[in-house]
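To start, the structure itself, in structure tokens.
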Amino acid sequence: MPVGRAPSGRYSHTASIITWHKQHYMVIIGGYDNKHYLNAIHVLHLEARKWKQCTPTTNSASFIPRARHSAAATASEIYVFGGCTQPMGQENGSKRTKKCKKLNDLYSLRVHVSGNYMCIPPFTIKPRIN
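Mapping to the numbering used here: the sequence shown position 61 is 103, numbers consecutive.
Next comes the structure, spelled out in structure tokens:
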């Protein structure tokens with residue numbers, strides 16, 4: 043059983059595997075918890091079976107809370123694209139509608155085993171629909 047504080051229950055998140063100095067880590071990004079879109083990043087060290095929540099470095103861009111996004115990993119970076127977030131005017135816990143604000147941004151996250159991450163400022167891609 044893993045030790046440390048595991049992420050809260052969520053769905054529509056991503057889970058990616060990265061390798062750092064021959065150690066393997068599963069990185070959980072974002073998701074939805076039935077009340078809020080999440081921007082939390084959690085890391086599970088697979089060999090040590092230990093959870094850690096990541097925090098942004100001081101010079102990191104902000105990461106918009108999101109669910110239903112996609113993620114692809116390289117050895118030490120994770121690219122996060124799109125998904126959806128809370129519609130404008132509903133950010134402060136007001137009643138959620140079935141619609142979400144669609145995102146078309148691309149982030150590059152450099153996740154460090156220390157529990158920090160750097161979020162490279164996003165760039166947007168022109169939507170093809172809507």
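C-beta atoms are modelled at their ideal positions from N, C-alpha and C, and glycine is treated no differently. Keep in mind it's a predicted model, so treat the numbers as computed, not measured.
| Mapping DSSP to helix, strand and coil, what is R110? | Locating residue 110 in the sequence shown gives position 68, where the first residue counts as 1. In the structure shown, R110 sits in coil (DSSP, three-state: anything other than H, G, I, E or B).
| request: Measure the Cβ-Cβ separation of T60 and Y53 and say whether it is below 8 Å. | output: Here residue 60 refers to the residue found at position 18 of the sequence shown. Here residue 53 refers to the residue found at position 11 of the sequence shown. One detail in the question is off: residue 60 reads as Ile in this sequence, not Thr. No. Outside cutoff.
| message | Let me confirm a value: T56 is counted as buried when at least 16 other C-beta atoms fall within 10 Å, else exposed. Which label applies? | response | Counting from 1 along the sequence shown, the entry for residue 56 is found at position 14. T56 should be labelled buried.
| task | Kindly indicate which three-state DSSP category S150 falls into: helix, strand or coil? | result | Residue mapping note: residue 150 aligns to position 108 of the sequence shown, counting from 1. Reduced to three states, the DSSP call for S150 is strand.
| task | Please classify G135: does DSSP put it in a helix, a strand, or coil? | result | Counting from 1 along the sequence shown, the entry for residue 135 is found at position 93. Reliability fails at G135, whose pLDDT of 49 lies under 50, so the model's placement of it is uncertain and the value that follows must be treated cautiously. Of the three classes helix, strand and coil, the one that applies to G135 here is coil, per DSSP.
| To which residues of the same chain is P107 closer than 8 Å at the C-beta, ignoring the five residues directly before and after it? | Taking the first residue of the sequence shown as 1, we reach residue 107 at position 65. Answer for P107: G72, H78, Y79, L80, N81, T127 and Q128, listed in chain order.
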